[in-house]
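Residue numbers (the working numbering), protein chains in the order written: chain A, 1 to 604; chain Z, 1001 to 1604.
As structure tokens, the structure follows; a few thoughts come after it.
Here you go:
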């Protein structure tokens, strides 16, 4: 599954059940818990996005929410079928990047990669913004400080991920089941009770600014499509399922589709019946929860649970982005550095970069979910479209039995998702979608640029060709020293073992010190020549560099061996080694010699 | 002049006429230009400091400014005589730290060093604050933004010093002469004209909050002593004078004393006659300038000139602090790193640290000169006192002809300066002097702590003793490699020259890649064994470290040679080498082997 990847790609393989050495065994239900959080949590902001658009045409326009949701559910069905096919075609995990690379090639895989990177950042931002809104619904005192709440949640996520975490499907099971039960409970109780839902929040007078025309309905449709983000996750996690994994994964995808569709339609029915409109600081979902559960502790608990689920959804990005970056690095489209994602420093930089970008976004939009959704959805829907266009190409090339029907389903899906992406892009361009229009091509250019550089370097290094045999040379090891000491002995021992010839070199500003050192050296008589360089300017590095440059003219292999005192306690680090580091840095910049560092460990 | 040092110590040697290779030739007058700026610029805030204290007892109390100034002038005379003696005793530059180290020893030299460090920071802060006040006097629109003006000036100084500057006495001559002429002009014209001086600024009603008692007079005296800061600079710069340098330096010291005394008394006479009190946003000096020159362009130019002189005075710290720190480093009282002050990175860190500390101070006191003066003066007067106590000790030990008279002068000076320091300390303790009381002992502790550490390390390294001869060992050079390429050939060439035995080691996650590499290697057949380590977790560093640790068990000298691709353009740096750096870092932390870096330079 070298290139299986997408927003949640490889997450199960990498992070689930880490003790099991590559063999995983999610059942369909466990798969739902592990892989569907991101999609299911979208109900916290998707329905609200529809309402927010429609309200511009007055409360009466809210009746349109139900037919729009039904249309979205149709798209959901297309996507579910489509991704069931992706699961079958890419049983090793078929994210948009993998599909694009295999079936579409070049630029579309760059587009997929760029939109995926944007999505990872936006998953974090949208989920946290929606989570903060949920908390604000439960605790009115937080309402004026949603940005701060977001940043606090983000800080917790970042710290947890900097330490590193081990997820497991079993741990995720409980909150997922609770969440599903709570949402279904809202719908059932809401339908059973007869009184109107909105008992919390302050009623807002919404001026009617638009007629309920086709454009508004299109906009509401596109906005509501944000509820579909995340349905691709299962297709990426196929390898985590128990055999027969394709069947199990497909079953999970269907379960997810059914659940999500049910939730969306149910919530839309309630919205229509109760004319739920945005109320000061209380989310649409929270209003529906209050209608079902009243405004007591169950209401608060529901909102906290929703926030928790959203935070867990945000967390998936922290696992997913490093995987994407390492795949890009392996394809020479990002610095090779990121291929080392298992190395802690690299991983940490990734976590910090993701946290920083999300924080900037959250502050820029003042933690307003609705302003982030267009940006978010554009990226996700580009991914959807690429996956499906790739499949269409796949069916046309392979032509298995029934390929035309399959290609048709994917083709319709592609057109619908492309249309949604386009609606977002056009209608929200000035409202912030331009950021995506700027960021995606920029990232694509960056990936292409990096790839071009590595190709050129590969040519220069003669990668893949057999080089000439290595030369045979004699060697001279130069050891910069200040005093006669155990450190000098340690360094000369190593230098004598490595060099055919060894010379020690000291820099002194003061003739007296130089004479004293010479006397000590002769007394010690270590069998190595000592050159003392005069430096009245008290400069250390420059004279040594010149000395080395002169020595390097002879054609021998030159190595400079710098002994470094390593204190046991980290706080003493500043007191040692700085001269060595400085010398090593300048030597590496100005000469082609081998620079060797030899540690000498102190007891203090 | 190994330890000759003080606030401006060695400045001439290090920074004046840098092309002349250690031989300088300031005449007495040139010496005045080069070394007296800091002292002369004190007239911009010294007289004002007196007025600010006295005004608490009403405008009538301002008449006391003259007798107080006369007393300060007496102290100035004592200091001038005193420093003439310092010049004779320490012709190699006799700063407080040098005197204390030679004549007083241990703790008092730590005290001198700590108070000097504090002074360097405060010289910058006070001079810039006074400079900003001067600019504010000329340009009323700046008055509400003095902190910003200070920070802007500081930024300019910092940038200039980061680039590095070459001062010269000749360049300093013009502004110094202009400044002296301007101040003397203020006095002469002010005395000639009969109308009162204060024609600029808004009159302030100052409530009478104190009686003109002894305490207030003492406070005003102490505050006015801030005008004496900087008179020690010439004594530190003796080596920069032309022979006979002691005579010339003494003559310059006398000229400085006479000029400074004349200015202080002249300004005090004007203050007394015109009852000059602080007026909204206009400095006392600016009011006197307006009295002499009117409020036209000459007035503005005067204030700009004063600000320029103050900025140049602030600049002396940027030259002086690195010198002090390098002397402390040579005495093992600061990290040896600072001994390398000629090396650009070290020098830059010093400049940045000084700028940062000054900025913090300026922001903390809101760029109010008067609040900085007590802190400043305490440090300077500790230095004065130490120098003079040291000289008293010197006379008592050496007993040259007339030693009793000399000791008496220095003794009186010491008592007076100690008294002034004490008055500052007590009367301004809660107003901010506690910062000095905290910072100075903290710095002393730090210096002592560093010294103790280096002593312990010296013992452990056996410094000064003859170690055993170096051992003879065989060597194994390990070369981590990824592919067969020119880079591999380059690395093996160096490794074969250095090691008795060489082995290449590759890490691979994938059996296919491993097999391909093995085949390529056998085809190449470079005469070096290749070990391929299996790492299904795609970790690179850990497997190599383990391999090296196992190899190191044999008692041979182990070196790991890491070839690094060096791009020609800095912007490609992120694309290369990160794996090598990571590996080198971990190897240095976890093993005792020699870590060698070999650059391979790309053409792009």
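Virtual Cβ for every residue (Gly too), placed ideally from N, Cα, C.
Quick caveat: nothing in here was measured; it's all calculated off a predicted structure.
For residue 1596 of chain Z, the uninterrupted beta strand (DSSP E) segment begins and ends at 1594 to 1601. Closest option to residue 1286 of chain Z, judged by alpha-carbon separation, among Z:1381, Z:1564, Z:1302: Z:1302.
In the structure shown, residue 447 of chain A adopts helical secondary structure according to DSSP, grouped into three states.
Scanning chain Z for C-beta atoms nearer than 8 angstroms to the C-beta of residue 524 of chain A yields 1466, 1467, 1469, reported in chain order.
With a contact defined as Cβ atoms closer than 8 angstroms, residue 1250 of chain Z and residue 1049 of chain Z miss out at about 29 angstroms. Using beta-carbon distances, residue 1566 of chain Z counts as an interface residue toward chain A, with a partner under 9 angstroms. In chain order, 1572, 1575 make up the part of chain Z whose C-beta sits under 7 angstroms from the C-beta of residue 453 of chain A.
Take the alpha-carbon of residue 1415 of chain Z and the one of residue 1266 of chain Z: they are about 27 angstroms apart.
For residue 1494 of chain Z, the chain A residues whose Cβ falls inside 7 angstroms of its Cβ are 557, 594, in order along the chain.
Check the Cα spacing between residue 1324 of chain Z and each of Z:1120, Z:1582, Z:1102: the tightest is with Z:1120. Close to residue 497 of chain A, with beta-carbon spacing below 7 angstroms, are these residues of chain Z in chain order: 1473, 1474, 1475, 1557. In the DSSP assignment, residue 564 of chain A falls within the unbroken beta strand (DSSP E) covering 557 to 566.
When CB distances to chain Z are screened at a threshold of 7 angstroms, the residues of the region 578 to 593 of chain A falling below it are 578, 579, 582, 588, 592, in chain order. By the neighbour-count criterion, in which a residue is buried when 16 or more other Cβ atoms sit within 10 angstroms of its Cβ, residue 1148 of chain Z is exposed. Close to chain Z, meaning a Cβ-Cβ distance shorter than 9 angstroms, are the following residues of the region 536 to 552 of chain A: 536, 537, 538, 539, 540, 541, 542.
Under DSSP, residue 1404 of chain Z shares a beta bridge with no residue.
Cβ-Cβ separation between residue 437 of chain A and residue 425 of chain A: approximately 7 angstroms, consistent with a contact (criterion under 8 angstroms). Contact residues of the region 1087 to 1098 of chain Z toward chain A are absent (C-beta to C-beta distance below 8 angstroms). Of Z:1081, Z:1040, Z:1066, Z:1069, the smallest CA-CA separation from residue 1387 of chain Z is found for Z:1081. Taking a Cβ-Cβ threshold of 7 angstroms, the residues of chain A close to residue 1483 of chain Z are 463, in chain order. The continuous stretches of beta strand (DSSP E) do not include residue 1115 of chain Z, which lies in the alpha helix (DSSP H) extending over residues 1106 to 1138. At a cut-off of 9 angstroms, the C-beta of residue 401 of chain A has no neighbouring C-beta in chain Z.
Annotation: Cβ neighbours of residue 335 of chain A in chain Z (cutoff 9 angstroms, chain order): 1574, 1575, 1576, 1578. Per DSSP, reduced to three states, the secondary structure at residue 511 of chain A is helical. Between residue 520 of chain A and chain Z, the shortest Cβ-Cβ separation is below 9 angstroms. For residue 193 of chain A, the closest alpha carbon among the candidates A:34, A:348, A:290 is that of A:290. Listed in chain order, the alpha helix (DSSP H) runs fully inside the region 1422 to 1488 of chain Z are 1434 to 1461, counting runs of at least 4 residues.
Nearest to residue 1506 of chain Z by C-alpha distance, out of Z:1279, Z:1399, Z:1531, Z:1551, is Z:1531. By a beta-carbon distance limit of 8 angstroms, residue 103 of chain A contacts residue 394 of chain A. Their separation comes to about 5 angstroms. For residue 280 of chain A, the three-state secondary structure derived from DSSP is strand. Taking the Cα positions, residue 1529 of chain Z is about 39 angstroms away from residue 320 of chain A. Ranking A:576, A:595, A:572, A:575 by CA distance to the CA of residue 1581 of chain Z puts A:595 first. Cβ-Cβ distances below 8 angstroms link residue 1039 of chain Z to 1228, 1229, 1230, 1231, 1233, 1256, 1260 in the same chain, with the five nearest sequence neighbours on each side left out; the list follows chain order. Contact annotation for residue 456 of chain A against chain Z: 1604 [CB-CB distance below 8 angstroms, chain order]. For residue 1126 of chain Z, the number of other beta carbons within 10 angstroms of its own is at least 16, and it is reported as buried.
According to the DSSP assignment, residue 530 of chain A belongs to the beta strand (DSSP E) that extends over 529 to 534.
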